[in-house]
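With my numbering as the guide, the letters of the sequence shown map in order to residues 79 to 375. Heads up, the beta-carbon is just placed ideally off N, CA and C, and yes, glycines get one too. Structure first, commentary second.
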Amino acid sequence: MARYAYVDGRYTAHQDAAVHVEDRGFQFSDGVYEVVARVDGAFIDMEPHLDRLERSLASLEISAPMSRRALSMVMSELVTRNGVRNGLIYIQITRGTAPRDHAFPANISPTLVMTTKRVDYFKQKKIMAGCKVITTPDIRWARCDIKTVSLLPNCMAKTEARRADADEAWLYDAAGDVTEGTSCNAWIVTHDDRLITRGVTDNILRGVTRETMIALASELSLTFEERPFSVAEAKAAREAFSTSATSLVTPVVQIDDTILGNGAPGLFTSRIQERYFDYCRQNGCRQNECRQNGAQA
Ligand code: PLP
């Protein structure tokens with residue numbers, strides 16, 4: 079099947095898709111992005127992802143390239159063309175193309191790029207059997223709440239993880255507290271059955287999956303605490319897991335050299351994960367019904 083990317087109004091063969099050399103995304107990382115999961119033929123939490131995209135754009139004074147309705151139509155068209163029933167859609171918006179100058183230029187049109195990736199979530203080893211994470215200092219900037227394409231520190235930490243035969247790196251701040259993963263939010267379950275994740279401030283991304291998990295955890299009547307936890311506390315935890323659109327709910331079974339529990343996904347994590355998978359399946363149905371009713375997908 080042909081694979082397409084969407085670039086500024088055109089569905090282009092993926093291998094030929096390109097932006098201008100003076101695009102500010104390329105020159106300065108001057109752009110933002112979103113990633114939305116597609117599970118069993120439906121986007122998961124599309125509206126909160128598009129809300130966050132609008133917040134990221136507004137924070138950097140980048141204008142929206144098109145209306146939300148038009149954006150969601152392009153998203154649907156691209157996943158249909160690419161036959162993505164399970165996978166991800168990446169939406170990248172940069173400030174646009176202009177002669178090189180650090181200051182934001184006035185009156186330029188943003189560049190919009192969308193690409194897709196197929197992912198068989200329920201067959202991924204790390205999601206089903208759990209993964210190893212390493213810990214490494216968080217060297218990112220002070221506005222990690224904005225989902226910018228400026229991901230170099232995240233790439234460095236993820237590379238360090240891969241070289242240590244791990245799937246992810248959890249980042250820690252100057253106090254030794256875990257901020258988040260390079261592309262996920264971090265969670266622990268303590269021995270007294272508390273579910274803990276860091277509260278949102280400017281130093282982490284307000285994960286859409288995180289928000290959904292908080293709502294679902296209250297249904298499961300777990301004691302939930304939003305507070306920082308240290309690397310030491312994570313290593314002493316009963317269980318740990320990560321959340322993101324790219325990895326849904328992924329059990330963490332090893333942190334650096336410390337194996338959690340018996341090295342397999344724990345009971346709470348498995349329950350939480352199953353509840354989240356159910357949510358995805360149900361959410362998918364609701365969105366399909368929306369489409370059948372002719373509402374905005
Ligand atoms: N934190 C970071 C740094 C991320 O890059 C991501 C996702 O890409 C997340 C957290 C999780 O966010 P979401 O659940 O919206 O995918």
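{"Check": "First through last residue of the alpha helix (DSSP H) which encompasses Q93", "Outcome": "Taken as a continuous stretch (DSSP letters only), Q93 belongs to no alpha helix (DSSP H), as it is neither H nor E."}
{"Check": "Nearest candidate by alpha-carbon position, reference D335, set A148, A247, L131", "Outcome": "A247"}
{"Check": "Delimiting residues of the alpha helix (DSSP H) encompassing C262", "Outcome": "Looking at the DSSP string, C262 is not in any alpha helix (DSSP H), and its letter there is neither H nor E."}
{"Check": "Where A176 sits in the DSSP three-state scheme", "Outcome": "coil"}
{"Check": "Secondary structure of V139, DSSP reduced to three states", "Outcome": "Per the sequence shown, the amino acid found at residue 139 is Glu instead of Val. Looking at E139 - three-state DSSP - the assignment turns out to be coil, as it is neither helix nor strand."}
{"Check": "Extent of the continuous alpha helix (DSSP H) run through V99", "Outcome": "Per DSSP, V99 belongs to no alpha helix (DSSP H) and is neither H nor E."}
{"Check": "Sufficient close CB pairs (3 or more, under 8 angstroms) joining the region 170 to 178 to the region 98 to 108", "Outcome": "yes"}
{"Check": "Element boundaries [beta strand (DSSP E), containing M192]", "Outcome": "189 to 196"}
{"Check": "According to DSSP, residues forming a beta bridge with D255", "Outcome": "S308"}
{"Check": "Proximal residues to R178 (C-beta, below 8 angstroms), its chain only, five neighbours per side dropped", "Outcome": "E100, Q105"}
{"Check": "Alpha carbon of N371 to alpha carbon of I140, nearest angstrom", "Outcome": "With a pLDDT of 35 at N371, under the threshold of 50, the modelled position of that residue is not reliable, and the figure given next carries that caveat. C-alpha separation (whole angstroms): 33 angstroms."}
{"Check": "heavy atom of ligand 1 below 8 angstroms from S322 C-beta", "Outcome": "yes"}
{"Check": "Nearest-angstrom Cα separation, counted from K195 out to G277", "Outcome": "30 angstroms"}
{"Check": "Within 9 angstroms, strictly: CB atoms of D32 and T324", "Outcome": "Any question about residue 32 goes unanswered here, given that the chain covers just 79 to 375."}
{"Check": "CA-to-CA distance, V110 to L230, given in whole angstroms", "Outcome": "14 angstroms"}
{"Check": "Cβ-heavy atom distance, T316 to ligand 1, below 8 angstroms", "Outcome": "The amino acid occupying residue 316 in the given sequence is Arg; Thr does not appear at that position. R316: no, Cβ never under 8 angstroms from ligand 1."}
{"Check": "Best match in N263, G254, F307, I169 for proximity to I292 [C-alpha to C-alpha]", "Outcome": "N263"}
{"Check": "Length of the line joining the Cα atoms of Y199 and N164", "Outcome": "7 angstroms"}
{"Check": "C-beta neighbour in chain E for I292, strict 9 angstroms", "Outcome": "The displayed structure is made up of one protein chain only, and chain E is not part of it."}
{"Check": "Beta-carbon proximity of I186 to E112, cut-off 9 angstroms", "Outcome": "no"}
{"Check": "Those residues which DSSP pairs with V152 across a bridge", "Outcome": "Note: V152 sits in no beta bridge, so no partner."}
{"Check": "Opposing strand residues paired with V114 [DSSP bridges]", "Outcome": "I167"}
{"Check": "Under the three-state DSSP convention, the category R284 falls into", "Outcome": "coil"}
{"Check": "Any 3 or more C-beta pairs closer than 8 angstroms across the region 115 to 135 and the region 146 to 161", "Outcome": "yes"}
{"Check": "Cβ neighbours of Q351 in the same chain (closer than 6 angstroms, five flanking residues each side left out)", "Outcome": "V327"}
{"Check": "Buried or exposed (CB count within 10 angstroms, at least 16 for buried), W219", "Outcome": "exposed"}
{"Check": "Environment of K201 [buried if 16+ CB atoms lie within 10 Å]", "Outcome": "exposed"}
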